[in-house]
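Novice: Chains as they are written, first to last, in the numbering used here: chain A, 796 to 1119; chain B, 19 to 391.
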């Protein structure tokens, strides 16, 4: 019994930790796409931010400063995206793909040149990292019977960014559905001409949304190298940005549902890690690849409308041309 | 945005703007080279020498070019039908899988003359199947093809890992790969083919697939601009409403375009598996599917332009890997970054220079243009 609880607790804890970058990127996607700008570039922005955070952390910047630097890097990539898609009405998907490729190439090149460790950065010292906020409390309750491991793993033993990511889910909902900014942002993704007619700048709103998305990707990237791992290695985001994109679609461009989808994906991943090489009674050994493939397969099935129809913002992907 | 004349002389749209955009992309890359403390001009000299300096260099360059032509065409055909196929990577993976599975099943029974065409067909069938599902979902269920093809890339690579690790791996062998195909079961390589006509050629991965890639260029050109089907396909890409009015079914054309796309990408798998490695292994596509996006954008989705752009990227890949020896700061990743800049400037920012160029043209041709608004 106790053993089972420890297993459950560790899987749930891992679920949350794995879900953090997904949640942040999915929220980024929600903001950008609700405003009508497709964001395939989540992966690239997160990767660039992870690299920036690791570099700054490795040269001894405190965690918060490294985070801020990484956020700036991700936001400047967002600015390029906005400039290409909004100002020059370029293809939003092509621009996002470009950012992904540029980030993948540049982080590897710069990492090699600056640190000559095959593209990796040196480890970030513990002082510059986000570590468990209330480690004492987690250690204290861990030995309690039954609820101890659950409390420690699922609730207490987390760093600040985990708390932040999950707090941002309801906060994003509130911002999108309960504020004037959110109303306008959603409107500009549905019917930009109407927003324009109301005398509000479509361009400015969309720039704002894309920069906000950049900020969130920046936090996600920082989490990867300042909290989850201690250093950067090339390509370390490993498709998480696309996974987040899938979660966002899965969550029908809604912050709360996207958050739940991220938790589901995180859970599947945590289970896959846990099940590696473990035979299940009656089924035998489940191929890890099968579980890893589930989020992608689920996304395809959902997109096809086989359970629940995802309705994208109506003006998504379309550049706005002001009437004259 | 200031007003830009809708129609510029054709040579500006077809030649000048693409060249300017490429120049911008390459200058951005040069800036990066300079920023990491290397001399961009020296790098270019070494790169060109590494890519074209000898028969050996040429041979490797053309081998890389083969893949880029094929994925570039794959992206372009879908583009002409109005779809963005990010799935060439997965389709090429499946293409290789189809080739490999057929080889592994039949290589001991059939002569090469029968086996190779069959393997090519199996590969193309697998590539088509992998493109067909996202296409069908887009056409009839309204899924977004970009997201489904991305998902299918991940599914393809997971499928490969599972198959090779659990089914095809030789027991007791540390390497994650299948057994080698029988001796004759390979696309003939350039060295053996050219020796038949008395030309001495270095032993490189370049093989018959290069000829297939060139033929594909011709075939795509004939299809798109000289066939009824190709015309229908482009009409759908330009306006699906107009197409429907003309009695063309956009969903059906989507299936056709993506199937062709998948078949072309699958030939990358044939090049790598049947032409080079002669066994199934992981990651043999090595990003060629994504490079295809840059190649298609740079080549303006025209087979001729794609062949040129593919040659440029082939040279970057080959010259870049030579550069690693001379300039330690260089890795393959530098050419990835260059690809990114090309996609950005030739794709997303392709219209950026149109207004200034139009103004310059108007001034130079001495006819002040009417200004609106």
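All C-beta atoms in this analysis are idealised placements derived from N, C-alpha and C, irrespective of residue type, glycine included.
Which residues in chain B have a C-beta closer than 7 Å to the C-beta of residue 1109 of chain A? List them in chain order.
Specialist: Position 314 of the first chain, counted from the first residue, corresponds to residue 1109 of chain A. Those do not exist, as residue 1109 of chain A stays about 13 Å from chain B at its closest Cβ, beyond 7 Å.
Novice: If you measure from the beta carbon of residue 998 of chain A to each beta carbon in chain B, is any gap under 8 Å?
Specialist: Here the question's residue 998 of chain A lines up with position 203 in the first chain. Judged by the 8 Å Cβ criterion, residue 998 of chain A is not in contact with chain B.
Novice: Verify the CB distance criterion: does residue 884 of chain A have a CB-CB separation below 8 Å to chain B?
Specialist: Within the first chain, residue 884 of chain A is the residue found at index 89, counting from 1. It does; some Cβ of chain B falls within 8 Å.
Novice: Quick one: using the 10 Å Cβ neighbour count with 16 as the cut-off for buried, is residue 968 of chain A buried or exposed?
Specialist: Residue numbering aside, residue 968 of chain A sits at position 173 when the first chain is read from its first letter. Buried, by the Cβ-count rule.
Novice: How do the segment 807-823 of chain A and the segment 1032-1039 of chain A stand: do at least 3 beta-carbon pairs fall below 8 Å, yes or no?
Specialist: Taking 8 Å as the limit for Cβ pairs, the verdict is that the segment 1032-1039 of chain A does touch the segment 807-823 of chain A.
Novice: If you compare alpha carbons, which of A:829, A:957, A:812 is closest to residue 1000 of chain A?
Specialist: Translated into the one-based positions of the first chain, residue 1000 of chain A becomes position 205. It is A:829.
Novice: Go ahead and pull the three-state DSSP assignment for residue 1006 of chain A.
Specialist: By 1-based counting over the first chain, the position of residue 1006 of chain A is 211. The answer is helix: DSSP assigns residue 1006 of chain A an H, G or I state.
Novice: For residue 847 of chain A, decide whether its Cβ has a neighbour in chain D, counting only Cβ atoms nearer than 8 Å.
Specialist: Here the protein chains are A and B, and chain D is not one of them.
Novice: Rounding to the nearest angstrom, what Cα-Cα distance links residue 158 of chain B and residue 49 of chain B in this structure?
Specialist: Along the second chain, one-based indexing puts residue 158 of chain B at 140. Along the second chain, one-based indexing puts residue 49 of chain B at 31. Rounded to the nearest angstrom, the two C-alpha atoms are 46 Å apart.
Novice: Counting only runs that start and end within the segment 274-361 of chain B, where is the alpha helix (DSSP H) found for 4 or more residues in a row?
Specialist: For the segment 274-361 of chain B, whole alpha helix (DSSP H) runs of length 4 or above, ordered along the chain, are 306-316, 321-344, 350-360.
Novice: Between residue 135 of chain B and the rest of its own chain, which residues show a CB-CB distance below 6 Å, the 5 nearest in sequence each way excluded?
Specialist: As a working mapping, residue 135 of chain B is identified with position 117 in the second chain. For residue 135 of chain B, where only same-chain residues beyond five positions count, there are no Cβ hits under 6 Å.
Novice: For residue 1074 of chain A, which three-state DSSP category applies?
Specialist: Residue 1074 of chain A sits at position 279 when you count from the first residue of the first chain. Three-state result, residue 1074 of chain A: strand.
Novice: How many Å lie between residue 1057 of chain A and residue 1013 of chain A at the Cα?
Specialist: In the first chain, counting from the first residue as 1, residue 1057 of chain A sits at position 262. In the first chain, counting from the first residue as 1, residue 1013 of chain A sits at position 218. Distance between the alpha carbons of residue 1057 of chain A and residue 1013 of chain A: 18 Å.
Novice: On the DSSP letters alone, give me the boundaries of the alpha helix (DSSP H) that residue 79 of chain B sits inside.
Specialist: Within the second chain, residue 79 of chain B is the residue found at index 61, counting from 1. Note, residue 79 of chain B: alpha helix (DSSP H), 73-98.
Novice: Secondary structure at residue 210 of chain B, three-state DSSP: helix, strand or coil?
Specialist: For this step, residue 210 of chain B is matched to residue 192 along the second chain. Residue 210 of chain B falls in the helix class under three-state DSSP.
Novice: Can you find the residues in the same chain that come closer than 6 Å, C-beta to C-beta, to residue 121 of chain B, ignoring five residues on each side of it along the sequence?
Specialist: Along the second chain, one-based indexing puts residue 121 of chain B at 103. 137, 199, 203, listed in sequence order.
Novice: How far does the alpha helix (DSSP H) with residue 142 of chain B in it extend, from its first residue to its last?
Specialist: For the purposes of this step, residue 142 of chain B is taken as residue 124 along the second chain, with counting starting at 1. It spans 130-159 - the alpha helix (DSSP H) in which residue 142 of chain B sits, taken as one unbroken run.
Novice: Residue 797 of chain A to residue 928 of chain A, Cα distance in whole Å?
Specialist: Stepping through the first chain from its first residue, residue 797 of chain A is reached at position 2. Stepping through the first chain from its first residue, residue 928 of chain A is reached at position 133. Spanning the two alpha carbons is a distance of roughly 26 Å.
Novice: Judging by CA-CA distance, which residue of A:954, A:1059, A:953, A:832 is the nearest neighbour of residue 1004 of chain A?
Specialist: Taking the first chain and counting its residues from 1, one reaches residue 1004 of chain A at position 209. Checking every option, the nearest Cα to that of residue 1004 of chain A belongs to A:832.
Novice: Would you check if there are 3 or more beta carbon pairs closer than 8 Å linking the segment 799-806 of chain A to the segment 846-856 of chain A?
Specialist: Flag = no, the segment 799-806 of chain A and the segment 846-856 of chain A do not touch.
Novice: Once you ignore the five residues that flank residue 1139 of chain A on each side, which residues in its own chain have a CB closer than 8 Å to its CB?
Specialist: This structure leaves residue 1139 of chain A out entirely; chain A is present only between 796 and 1119.
Novice: What do you get for residue 360 of chain B, buried or exposed, if any count of 16 or more other CB atoms within 10 angstroms of its CB means buried?
Specialist: Against the second chain, residue 360 of chain B aligns to sequence position 342. Buried, by the Cβ-count rule.
Novice: Look at the alpha carbon of residue 1076 of chain A and the alpha carbon of residue 1085 of chain A, and state the distance between them as a whole number of angstroms.
Specialist: The sequence position of residue 1076 of chain A within the first chain is 281, counting from 1. The sequence position of residue 1085 of chain A within the first chain is 290, counting from 1. Near 17 Å, if we compare the C-alpha coordinates of residue 1085 of chain A and residue 1076 of chain A.
Novice: With distance defined between alpha-carbon atoms, name the residue in B:332, B:231, B:169 nearest to residue 285 of chain B.
Specialist: Counting from one through the second chain, the residue named residue 285 of chain B turns up at place 267. Comparing Cα-Cα distances from residue 285 of chain B to each of B:332, B:231, B:169, the minimum goes to B:231.
Novice: Of the residues that make up the segment 196-210 of chain B, which ones have a beta carbon closer than 9 Å to any beta carbon in chain A?
Specialist: Residues: none.
Novice: Would you say residue 370 of chain B reaches chain A, if we count a Cβ-Cβ gap shorter than 8 Å as a contact?
Specialist: On the second chain, position 352 is the one that residue 370 of chain B refers to. It does: the Cβ of residue 370 of chain B has a partner Cβ on chain A nearer than 8 Å.
Novice: Check this for me: beta carbons of residue 300 of chain B and residue 178 of chain B, under 8 Å apart or not?
Specialist: Here residue 300 of chain B refers to the residue found at position 282 of the second chain. Here residue 178 of chain B refers to the residue found at position 160 of the second chain. Their beta carbons are under 8 Å apart, which means residue 300 of chain B touches residue 178 of chain B by this criterion.
Novice: In whole angstroms, what is the alpha-carbon distance linking residue 163 of chain B and residue 252 of chain B?
Specialist: By 1-based counting over the second chain, the position of residue 163 of chain B is 145. By 1-based counting over the second chain, the position of residue 252 of chain B is 234. Each residue's Cα considered, the two are about 18 Å apart.
Novice: Taking CB distances under 8 Å as the criterion, tell me whether residue 1087 of chain A reaches chain B.
Specialist: To locate residue 1087 of chain A, count along the first chain from 1; it is residue 292. Closer than 8 Å to some Cβ of chain B, the Cβ of residue 1087 of chain A qualifies, so yes.
Novice: Taking the CB atoms as reference points, tell me whether residue 1120 of chain A and residue 155 of chain B lie closer together than 8 Å.
Specialist: Because chain A is modelled from 796 through 1119, residue 1120 of chain A falls outside the range shown and cannot be assessed.
Novice: For residue 28 of chain B and residue 380 of chain B, what's the separation of their Cα atoms in angstroms?
Specialist: The residue you call residue 28 of chain B lines up with position 10 of the second chain. The residue you call residue 380 of chain B lines up with position 362 of the second chain. Taking the straight line joining both Cα atoms gives about 14 Å.
Novice: DSSP state of residue 954 of chain A, grouped into three classes?
Specialist: The count along the first chain starts at 1 and reaches residue 954 of chain A at position 159. Strand.
Novice: Please decide whether residue 814 of chain A counts as near chain B, where near means a Cβ-Cβ distance under 8 Å.
Specialist: On the first chain, residue 814 of chain A is found 19 positions in, with the first residue counted as 1. So, not an interface residue.
Novice: Going by beta carbon distance, what residues of the same chain come within less than 6 Å of residue 827 of chain A, once the five residues before and after it are set aside?
Specialist: Reading the first chain from its first residue, position 32 is the one you call residue 827 of chain A. Cβ neighbours of residue 827 of chain A beyond the five flanking positions: 834, 1004, 1005, 1008.
Novice: Quick one: complete alpha helix (DSSP H) runs, 4+ long, within the segment 216-272 of chain B?
Specialist: Fully enclosed alpha helix (DSSP H) runs of 4 or longer: 227-244, 246-256, 258-263.
Novice: Could you name the residues of the same chain whose beta carbon sits closer than 6 Å to that of residue 351 of chain B, not counting the 5 residues immediately before and after it, in chain order?
Specialist: Position 333 of the second chain holds residue 351 of chain B. Closer than 6 Å at Cβ, skipping near neighbours: no residue.
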